[in-house]
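Participant:
Chains as they are written, first to last, in the numbering used here: chain A, 3 to 114; chain B, 384 to 500.
Shown next as structure tokens:
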């Protein structure tokens, strides 16, 4: 079974600074997608960014970008110019057609 | 903007009772999922469903659980005899049929908080 590992249960960043959240995964599949979801206190899962495994170019979405290292099976999320509203649980997720698994999550605190 | 809706938002039930959690996926989506999140813990995959049958299920999804698409719009999760440890947030998600190798993201509902007492 595929596994997703987030080794940082908690991270903290100063407002306007940059923070990187780590994620590694284990799979034997060659075709898959990777996602970062944000879960604010409202509890709803919100997609932040996604990366297709067949694309070498790292995905970018405004202040959010990823560093996708396919050979290393690593998929980290970088948040630039952190804002107070970025405070949330962040989940890394791995997806194939029938299956989507999440990491344990990283709780991000943003300090004013 | 289309969204996945879940009802109820909060369900309290006595241990041993049956509960049905309801979800209305986005209308043109054909892949459906249920996830569970015990408070403060990771999001756990329960089951995926496509073409009126289970595609994949996790070890959590035992005989106490079942899923159904009773009509063209609803997707339900039934827990036959609830246990205290079933208390959790349950998320429904749906996604489009993938085109070739283009898998889209899953869109999540706001969740149903199940409390078993």
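All C-beta atoms in this analysis are idealised placements derived from N, C-alpha and C, irrespective of residue type, glycine included.
#1: If the cut is a Cβ gap below 8 Å, which residues of chain A does residue 474/B touch?
#2: Count the C-beta pairs between the region 5-16 of chain A and the region 24-42 of chain A that are closer than 8 Å, then say yes if the count reaches three, no if not.
#3: Are the region 102-113 of chain A and the region 385-402 of chain B in contact at 8 Å, needing three or more beta carbon pairs?
#4: Taking the C-alpha atoms as reference points, what is the distance between residue 489/B and residue 477/B?
#5: Does residue 450/B have its Cβ less than 7 Å from a Cβ in chain A?
#6: When you compare the CB positions of residue 426/B and residue 93/A, do they come within less than 7 Å of one another, or not?
#7: Select from 23/A, 74/A and 34/A the residue whose C-alpha is nearest the C-alpha of residue 40/A.
#8: Any beta carbon from chain A within less than 7 Å of residue 491/B's own beta carbon?
#9: On the DSSP letters alone, give me the boundaries of the beta strand (DSSP E) that residue 111/A sits inside.
#10: Out of 385/B, 389/B and 384/B, state which residue places its alpha-carbon closest to the alpha-carbon of residue 496/B.
#11: For the beta strand (DSSP E) that contains residue 28/A, what are its first and last residues?
Facilitator: Looking at the atomic coordinates:
#1: Within chain A, the residues near residue 474/B are 47.
#2: Between the region 5-16 of chain A and the region 24-42 of chain A, the count of C-beta pairs closer than 8 Å reaches three or more; the two stretches touch.
#3: Output reads no: the region 385-402 of chain B does not touch the region 102-113 of chain A.
#4: Linking residue 489/B to residue 477/B through their CA atoms gives a straight-line distance of about 5 Å.
#5: No, no contact with chain A.
#6: yes
#7: 23/A
#8: Taking Cβ atoms only, chain A reaches closer than 7 Å to residue 491/B, which makes this a yes.
#9: 108-113
#10: In terms of CA proximity to residue 496/B, 389/B leads the group 385/B, 389/B and 384/B.
#11: 26-28
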